[in-house]
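So the sequence lines, in the order shown, correspond to chains A and B. Per the working numbering, residue 1 is the first one in the first sequence, and the count goes up by one each step. Per the working numbering, residue 1001 is the first one in the second sequence, and the count goes up by one each step. Glycine included, each C-beta is placed from N, C-alpha and C at the ideal position.
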Amino acid sequence: MQPIPLSITPAASHLKGLDYSVVQQCMHCGLCLPTCPTYDDTKLERNSPRGRISLMRAIADGKLDPGKVFAEEMSFCLGCLACMTSCPAGVNYAELFEHARAEVEESGVMKSPFRKLIRFVTMGWLFQDLRRMQWLGRLIRFYRNSGLLSLVQQSGILKMLPQRLQYLEKLTPVIQPAFSNELIEPVSPAVGEKRYRVAMLTGCAQDIIFSDVNRDTVEVLQEYGCEVITPASQFCCGSLHGHNGEWEQAKDLARKQIDLFPPAAFDAIISNAAGCGSHLKHYSSLLSDDPEYLERAREWDRKLKDIHEWLVEIGPLEIDGEAAAEMTVGYHEACHLCHGQKITSQPRTLLKSVPNLKLVEIPESNWCCGSAGVYNVTQPEMATKLLKRKIGHIRETGADILATGNPGCMLHIQNGLNQAEMPIKVVHPISLLAQAFRERNSSKNDK
Amino acid sequence: MAISSEIIEQLKSICGPENVLTEKEDLIPYSFDGTAEIKQLPGCVLYASIVEVIQEVLKFANEKHCPVVTRGSGTGLSGGSVPVEDCWVLCTVRMDKILEVDADNMTLMTEPGVTTLKISEAAEKVGLFYPPDPGSMKISTIGGNVAENSGGLRGLKYGVTRNYIMGLELVLASGKRCWYGNKCVKDVAGYSMKDVFIGSEGTLGVITKVLLKLIPMPAAKKTMVAGFSKMDQAAEAVTAIIAAKVIPCTLEFLDRMTIQCVEDFTHIGLPLDCDALLLMETDGHAAVVAEEAEVMERICHDHGCTEFRIAGNSEEALKLASARRTAFSALARVSPTTILEDVTVPRTELASMVRFIQEVAERYKLKIGIFGHMGDGNLHPTFLTDERNKEEIHRVHQAFEEIFTETIRIGGTITGEHGIGLAKKDYLVQAMGDVSVEVMRKLRTVLDPNNILNPGKIFD
Ligand SMILES: Cc1cc2nc3c(=O)[nH]c(=O)nc-3n(C[C@H](O)[C@H](O)[C@H](O)COP(=O)(O)OP(=O)(O)OC[C@H]3O[C@@H](n4cnc5c(N)ncnc54)[C@H](O)[C@@H]3O)c2cc1C
Ligand code: SF4
Ligand code: SF4
């Protein structure tokens, strides 16, 4: 499957400048409506893909000003891209949506000093350089470990906070005791014959909250015959900036990434976070007006692979040996993997390669869980509804483990399971593979 | 002229304030349905969840002489739910409960906002079958299906929505409620009034409850695909199949352009190098199915099909049917505006009609995709154009005019299943004759003296 083409140019940074054929592509047939989680909930056309596109078109036609209501609507859309999977007419909702969000930013309707500060701190400073993320991670780790967390929770201070902050408190992630660069060597050799040389992108959230997933990814790559290059200090991929209308920053980060990982030096560049991967595959459209980088960006896009995609492309390998006990695993499809990158069969193929692991299909496996980037922070009510729906389906299957390929979904669903007091662990599919390789290796060593 | 604030306040007290939408951002998404080129902002949008609210709304509208446009999912293809100026759009999609599945009497009672797919699934759960399956079935509402008398892919053997309506609850323009029909297999008390409301496109009353007939699920089925290098061969094969006394449940066809678009979207491996593709399905007792499939295969080969494939399992069969359902939207991949028509001709005229359409498209230098329910004689010639190109759009309208005139000349109808709405009302008198239209007009005036229900649709 081809990645979805995005053609972002600075001159076309809002809806009016967008190629009109993109705006016009929707023939309002409505076939996307039943797949849209927000429409499904409210049954209001405004909350549907077709309705949102009609608003974007009205703006492009100069018949509507992008005011507060439009801004709120763009914030209510999950960006899950389920509408793109279901649209026979090939409407590029991803592109429309990014332009619409940029339009909202440019119009200034959402401007407030607080919002400006938050945006500056997160996108302009924090999500730039992984060392800054790690620094924040250490702070949160200290908050959790020092007993301050339970002190704060017991103190009742939280009840005095606005609801959104209380919700955020629940989201405070458990920070890994070590970050990726403390777990992964800059160069990890292939196990056995070296078949490929690949670069490993450690991601932002993935790095501080799920650095173990990064380590597992590298181990599995090694088992698959890849030499893995993982520089200790990396940059943010820029997806957060792109999705939120900060394109100059997104471009700047793309250039830094390409400099750090010259694509010619690798057979593949690996991402294991669906949300990042779906942005990372479009550097050439992001840098389409930068002749110095464009050629390399094209090569980058070709070589950028989601980990599941890459492993199935070069394998999949059979893992012999038996696991301790038979377990069942349910698979939740992260939106930016199934809708954003059209990767659906590969993770299942890999899960089936794990000995003694039985894959059970959860109903509506490709229905958004509500995590959706920062959605669970900006739209807690809808996010919670979607989470409950997801948890209900997981409960139906009786799975022991839930696997999913995106850090946001992992956190969000794990929170939901914990609150429902269901003893199910959420893991990245690759971690199950890594565990299987480890068990095989240790039983080999025993023999 | 906007709706006065007193009226809005009154509507809020009837519907509940959260069910009355007036913001521009809320109205724009209701200014169209699935039809190309027709757009109009409504005055406001109302959501009703119970019949009593609909009664109150219509009573009030009748008092104030305000137009009301009932809307299901807005997938209609003749502009039926497109607003008229300053109207109230009345949405039924929150009336979405199936009220009863009576397996013993084989009936299903439902609210109007339930989607066709949900009804078909509910029937299937008790081993029964609801055959009408419009291409839009995932999202179209049963209320919309009744109001348009929609067809589907199984019309050839199983008929259209009308054939499954046993009862209707309606709210009339006055706000009064009435019910026609029952669970009896036979009933000749009075005029067959429900038939008047079926296909009335929201102009005679609002449908608030539907009693549907279900039938036993066929024991077996077989789905097949045949590719032909010439369109005529496919059309002749269809005529020959029916002449051989085989009535398959599905005989759909796609032309080269449509095949390519559907394949681009679905990637299910349709044969690409052919001018026409037939999607065929036969169902019933296993022995009959096997026999009929054999006959169909032989006839396809006799008519020079270049490729013939039988779906290996039910999953593959479902994929093929679902792919066919996307044909219309998939054609929109090619150009910004997709204008489709719905002409239907006696089956014996199929081959010549298809040829005529192709010839017209060529003459007017227009890009076209043709697909349709070939077994029903129902064709969907679809022009692929750009509404901003006024000159080309003019040619599209000229081409349609010729196609309509030819259809009427050879004894066909200008719409097989999408209704007249706004899109085809200019051709109604030509198609039906002025006396026939006058009778309908009189009937409508009796039921809706103040002309508040979907005014301007079907005829003025
Ligand atoms: C991709 C696609 C494929 C399609 N395929 C087919 C097909 O195969 N066969 C076919 O026949 N049609 C087809 N259609 C057309 C359309 O889906 C049908 O006409 C459908 O029945 C409309 O249902 P809706 O709920 O969207 O109604 P709407 O479009 O909302 O309304 C249609 C008409 O019904 C009236 N109406 C709606 N609800 C009520 C009610 N409760 N009471 C009174 N009046 C009401 C409206 O006023 C309007 O006049 C297709 C459309 C699309 C977009
Ligand atoms: S986005 Fe696609 S599926 Fe949805 S209404 Fe538009 S054309 Fe139809
Ligand atoms: S991205 Fe998701 S929430 Fe937004 S319109 Fe598409 S389906 Fe709906």
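Taking 9 Å as the threshold (C-beta atoms), are residue j and residue i in contact?
i, j, result
"A:VAL213", "A:ILE430", "yes"
"A:LEU286", "A:ALA250", "yes"
"A:ASN406", "A:ALA274", "yes"
"B:LEU1156", "B:ILE1247", "yes"
"B:THR1116", "B:MET1095", "no"
"B:HIS1373", "B:GLY1151", "yes"
"A:LEU411", "A:SER365", "no"
"B:VAL1051", "B:VAL1171", "yes"
"A:HIS241", "A:LEU253", "yes"
"A:ASN181", "A:THR217", "no"
"A:LEU55", "A:GLU73", "yes"
"B:ALA1122", "B:ILE1098", "yes"
Using the C-alpha atoms, what's the distance from residue j back to residue i?
i, j, result
"B:VAL1126", "B:ALA1103", "7 Å"
"B:ASP1404", "B:ILE1357", "Per the sequence shown, the amino acid found at residue 1404 of chain B is Phe instead of Asp. So the alpha carbons of these two residues sit roughly 10 Å apart."
"A:ARG395", "A:TRP367", "15 Å"
"A:GLU106", "B:HIS1394", "39 Å"
"A:HIS308", "B:ASP1426", "57 Å"
"B:VAL1084", "B:PHE1459", "14 Å"
"A:PRO316", "A:GLN346", "9 Å"
"A:SER353", "A:ILE319", "6 Å"
"B:PHE1328", "B:THR1382", "8 Å"
"A:LEU359", "A:LEU351", "7 Å"
"B:CYS1274", "B:ARG1256", "6 Å"
"B:GLU1018", "A:ARG57", "26 Å"
"A:ARG164", "B:TYR1164", "With a pLDDT of 46 at A:ARG164, under the threshold of 50, the predicted position of this residue should be treated as unreliable, and no value is reported."
"B:LYS1176", "B:LYS1059", "8 Å"
"B:ILE1410", "B:GLY1416", "15 Å"
"B:GLY1282", "B:PHE1253", "Correcting the residue identity first, residue 1282 of chain B is Thr in this sequence and not Gly. In a straight line, the C-alpha of B:THR1282 is about 15 Å away from that of B:PHE1253."
"B:MET1231", "B:TYR1047", "47 Å"
"B:LEU1350", "B:LEU1278", "14 Å"
"B:LEU1453", "A:LEU417", "50 Å"
"B:VAL1446", "B:ASN1062", "13 Å"
"B:ASP1448", "B:MET1193", "15 Å"
"B:LYS1421", "B:GLY1199", "The displayed chain sequence assigns Gly, not Lys, to residue 1421 of chain B. Taking the straight line joining both Cα atoms gives about 11 Å."
"A:ARG46", "B:THR1306", "47 Å"
"A:GLN341", "A:THR384", "25 Å"
Give the secondary structure of residue i by DSSP, where H, G and I count as helix, E and B as strand, and everything else as coil.
i, result
"B:ASN1451", "coil"
"A:THR404", "coil"
"A:GLU248", "helix"
"A:HIS339", "coil"
"A:MET160", "For A:MET160, the pLDDT reaches just 49, beneath the cut-off of 50, and the residue's location in the model is therefore unreliable, although a value from the coordinates is still provided. DSSP places A:MET160 in helix when its eight states are reduced to three."
"B:PRO1112", "coil"
"B:TYR1180", "strand"
"B:ASP1460", "coil"
"B:LYS1424", "coil"
"A:TRP310", "helix"
"B:PHE1308", "strand"
"B:HIS1285", "coil"
Should residue i go down as buried or exposed, given a rule of 16 or more other Cβ atoms within 10 Å for buried?
i, result
"A:GLY108", "exposed"
"A:LEU161", "With a pLDDT of 48 at A:LEU161, under the threshold of 50, the predicted position of this residue should be treated as unreliable, and no value is reported."
"B:GLY1312", "exposed"
"A:THR328", "exposed"
"B:ALA1002", "exposed"
"B:CYS1015", "buried"
"B:LYS1209", "buried"
"B:ASN1149", "buried"
"B:VAL1439", "exposed"
"A:ASP306", "buried"
"A:ARG348", "buried"
Determine, using beta carbons only, whether residue i comes closer than 9 Å to chain C.
i, result
"A:HIS339", "In the displayed structure, chain C is absent; the protein chains listed are A and B."
Counting Cβ pairs closer than 8 Å, one from the region 1292 to 1310 of chain B and one from the region 1331 to 1345 of chain B, do we hit at least three? When C-beta atoms of the region 1292 to 1310 of chain B are compared with those of the region 1331 to 1345 of chain B, fewer than three pairs fall below 8 Å, so the two segments do not count as touching.
Are three or more beta carbon pairs between the region 60 to 69 of chain A and the region 86 to 93 of chain A nearer than 8 Å? Because the criterion of three Cβ pairs below 8 Å is not met, the region 60 to 69 of chain A and the region 86 to 93 of chain A do not touch.
Does the structure place the region 1219 to 1237 of chain B close enough to the region 1187 to 1197 of chain B that three or more beta carbon pairs sit under 8 Å? The region 1187 to 1197 of chain B vs the region 1219 to 1237 of chain B: no contact.
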